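Student: I'd like to ask some things about the structure below.
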């Protein structure tokens with residue numbers, strides 16, 4: 004794939020996926036009421052033909068999903084014995100119901116050009132200071148090690164590559180107040196060569212509908228893959244929002260809160276994996292997942308040894324998140340800069356929060372155990388910021404892979420060019 008694909012992809016995401024998702028989320032919040040739907044979306048909602056039928060169907064799809072998910076939870080985490088075939092049936096039913104619910108976005112196509120992309124509620128600088136200002140005062144407190152929590156493991160089920168199961172825990176971050184989930188993919192051959200905790204990108208919800216997933220390549224190479232769900236995504240979606248929307252909607256507070264939660268949750272996933280699966284545990288991520296992973300790689304020296312990753316695989320990342328958040332193509336097409344300015348954010352105010360959302364000057368692990376994949380035409384997490392990070396962190400030349408690709412095509416290109424995955428696998432198994 005070449006950069007023309009990325010030009011199209013970022014416009015599809017911002018001009019189709021975001022507005023349809025916004026209308027879908029409002030439809031779910033309306034719970035079948037046309038009046039409530041119109042109150043949530045304003046005049047734009049009046050352009051939806053057969054709104055009553057669509058909203059009734061949406062309610063029905065949600066109830067079917069909730070019933071399937073409830074049966075799934077009872078089967079996988081309940082106390083009664085369940086035969087393996089029944090577990091497979093439950094997972095197929097859950098995933099189909101989730102995908103059917105997610106696909107209801109298409110019913111809102113008539114509103115694509117009239118519905119806002121994001122339900123903006125940008126927090127003002129004083130609000131972010133009140134909630135997170137103390138974390139700026141002492142570096143060790145910015146991402147202090149989370150206290151251990153109780154992990155719950157599901158029954159296993161046979162997947163396409165090997166055994167699969169789920170783990171869940173209460174999020175260690177108060178602002179989340181929910182359950183954090185991860186899906187675990189085991190390779191067919193044992194013992195495993197190592198574990199990779201793999202973090203997905205923003206608005207990507209692989210537990211809810213079919214998406215390309217790079218986990219297969221690592222499982223094929225003998226690794227166990229732990230794939231967490233990001234805060235505000237999938238099962239963790241907030242009522243009234245679509246998956247990942249609060250990160251944008253809340254402005255700087257959204258970035259600060261998401262990274263705080265996902266970085267500290269990642270520390271706990273790593274600790275669990277090291278105790279349960281292998282003493283070799285690396286961290287990987289794509290886009291938002293890579294931005295999260297590199298923060299973890301920056302601050303993990305403040306954590307107990309069992310929570311520290313011993314390698315990192317960063318795909319389409321940047322060391323200058325604020326450049327991407329303010330001037331990247333995705334941010335530009337969403338109008339992020341204008342929304343922040345309207346809420347009183349100046350360049351100086353934004354710069355104050357860089358320590359909580361960007362990687363440190365140097366990693367807290369051996370640069371020789373970090374692999375990076377960048378696209379020289381990436382405009383979402385701009386390429387210059389990724390290269391600056393690679394230089395700053397002294398990433399060895401043999402660990403840095405740069406292609407003539409954009410943000411989306413760089414990740415998808417790993418299906419054809421497997422050299423970066425091979426390199427990461429060799430390092431992580433050593």
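Residue numbers (our numbering): 4 to 433. Backbone N, C-alpha and C define an ideal beta-carbon position, used for all residues, glycine too. The structure displayed is predicted, hence computed values, not measured ones.
Helix, strand or coil: which one does DSSP assign to residue 255?
Tutor: Reduced to three states, the DSSP call for residue 255 is helix.
Student: Which value, in whole angstroms, describes the spacing of the CA atoms of residue 307 and residue 194?
Tutor: Each residue's Cα considered, the two are about 25 Å apart.
Student: Using CA atoms only, rank isn't needed, just tell me which of 231, 196, 336 is closest to residue 1.
Tutor: Absent from the model: residue 1. The displayed extent of the chain is 4 to 433, so no value can be given.
Student: Rounded C-beta distance between residue 114 and residue 50? I'm assuming under 8 Å.
Tutor: Contact holds; Cβ gap of about 6 Å.
Student: In or out: residue 210 buried (at least 16 other Cβ within 10 Å) or exposed?
Tutor: Classification for residue 210: buried.
Student: Under 6 Å Cβ to Cβ from residue 303, same chain only, skipping five residues before and after it: list those, please.
Tutor: Around residue 303: 311, 367.
Student: Tell me residue 227's beta-bridge partners as DSSP assigns them.
Tutor: Residue 227 is bridged to 198.
Student: For the segment 250 to 261 against the segment 279 to 287, are there 3 or more C-beta pairs whose distance is under 8 Å?
Tutor: Cβ pair count under 8 Å is below three, so no.
Student: Report the rounded CA-to-CA distance for residue 301 versus residue 373, giving the unit in angstroms.
Tutor: Residue 301 and residue 373: Cα-Cα distance of roughly 12 Å.
Student: Only counting runs of 4 or more residues, tell me where the alpha helix (DSSP H) segments fall wholly within the segment 343 to 371, in order along the chain.
Tutor: Listed in chain order, they are 350 to 355, 357 to 360.
Student: Identify which residue in 325, 160, 369 has its Cα closest to the Cα of residue 313.
Tutor: When each option's Cα is compared against that of residue 313, the closest is 369.
Student: Assuming residue 186 is part of the beta strand (DSSP E), what are its boundary residues?
Tutor: Run containing residue 186: 182 to 188, per the beta strand (DSSP E) assignment.
Student: For residue 360, tell me which candidate among 67, 94, 291, 379 has the shortest Cα-Cα distance.
Tutor: Of 67, 94, 291, 379, the residue nearest in Cα terms is 291.
Student: Which residue marks the beginning of the alpha helix (DSSP H) containing residue 378, and which one marks its end?
Tutor: Residue 378 -> not in any alpha helix (DSSP H); beta strand (DSSP E) instead, spanning 373 to 378.
Student: Go through its chain and collect everything with a Cβ distance to residue 267's Cβ below 7 Å, but skip five positions before and after it.
Tutor: Taken in chain order, the residues that qualify are 146, 149, 175, 176.
Student: So if DSSP puts residue 166 in a beta bridge, which residue, or which two residues, is it bridged to?
Tutor: Beta-bridge pairing links residue 166 to 161.
Student: Does the Cβ-Cβ distance between residue 78 and residue 66 come in under 7 Å?
Tutor: No.
Student: Return the residue from the list 401, 221, 355, 391 that minimises the CA-CA distance to residue 428.
Tutor: The option with the nearest alpha carbon to residue 428 is 221.
Student: Cα-Cα, which of 190, 157, 63 is closest to residue 30?
Tutor: Cα-wise, what sits closest to residue 30 is 63.
Student: Let me confirm a value: residue 80 is counted as buried when at least 16 other C-beta atoms fall within 10 Å, else exposed. Which label applies?
Tutor: The residue in question, residue 80, is exposed, as its Cβ has fewer than 16 Cβ neighbours within 10 Å.
Student: In angstroms, rounded to a whole number, what distance separates the CA positions of residue 41 and residue 249?
Tutor: Distance between the alpha carbons of residue 41 and residue 249 is about 21 Å.
Student: Am I right that residue 104 and residue 68 are in contact with their C-beta atoms under 8 Å? What's the rounded C-beta distance?
Tutor: Their Cβ separation, rounded to whole angstroms, is 5 Å, which keeps residue 104 and residue 68 in contact under 8 Å.
Student: Roughly how many whole angstroms lie between the Cα atoms of residue 394 and residue 321?
Tutor: Those two C-alpha atoms are separated by around 12 Å.
Student: For a minimum of 4 consecutive residues, which ranges assigned as the alpha helix (DSSP H) are wholly contained in the segment 81 to 163?
Tutor: Qualifying alpha helix (DSSP H) stretches, in chain order: 87 to 105, 128 to 135, 142 to 145.
Student: Check whether the segment 404 to 411 touches the segment 6 to 16, counting contact only when three or more Cβ pairs, one atom from each stretch, lie closer than 8 Å.
Tutor: Verdict: yes, contact present.
Student: Assess, as a yes-or-no matter, whether the segment 343 to 361 is touched by the segment 117 to 130 under the definition of 3 or more beta carbon pairs within less than 8 Å.
Tutor: The segment 117 to 130 vs the segment 343 to 361: in contact.
Student: Would you be able to state if there are at least three C-beta pairs under 8 Å between the segment 153 to 165 and the segment 182 to 198?
Tutor: The answer is yes - the segment 153 to 165 touches the segment 182 to 198, with three or more Cβ pairs under 8 Å.
Student: Using the rule of at least 16 other Cβ atoms within 10 Å of the residue's Cβ for burial, across every protein chain shown, is residue 110 buried or exposed?
Tutor: By the neighbour-count rule (16 or more Cβ atoms within 10 Å), residue 110 is buried.
Student: Going by alpha carbons, who is nearest to residue 116 out of 201, 75, 19, 102?
Tutor: Ranking 201, 75, 19, 102 by Cα distance to residue 116 puts 19 first.
Student: Kindly indicate which three-state DSSP category residue 311 falls into: helix, strand or coil?
Tutor: Residue 311: coil per DSSP, three-state reduction.
Student: Could you check the C-alpha separation between residue 52 and residue 112 for me, to the nearest Å?
Tutor: Roughly 10 Å between the two C-alpha positions.
Student: Just to confirm before moving on: does the CB-CB distance between residue 383 and residue 333 stay below 7 Å?
Tutor: In contact: residue 383 and residue 333 (Cβ atoms closer than 7 Å).
Student: Suppose contacts are defined by Cβ-Cβ distances below 7 Å. Is residue 240 in contact with residue 181 by that definition?
Tutor: Cβ distance not < 7 Å, so residue 240 and residue 181 don't count as in contact.
Student: So, with DSSP's three-state summary, where would you put residue 286?
Tutor: In the structure shown, residue 286 sits in a strand (DSSP, three-state: E or B).
Student: Please identify the residue among 185, 171, 17 whose C-alpha is closest to the C-alpha of residue 218.
Tutor: It is 185 whose Cα lies nearest to the Cα of residue 218.
Student: Using beta-carbon positions only, say whether residue 229 and residue 299 come within less than 7 Å of one another.
Tutor: For residue 229 and residue 299, no; Cβs fall outside 7 Å.
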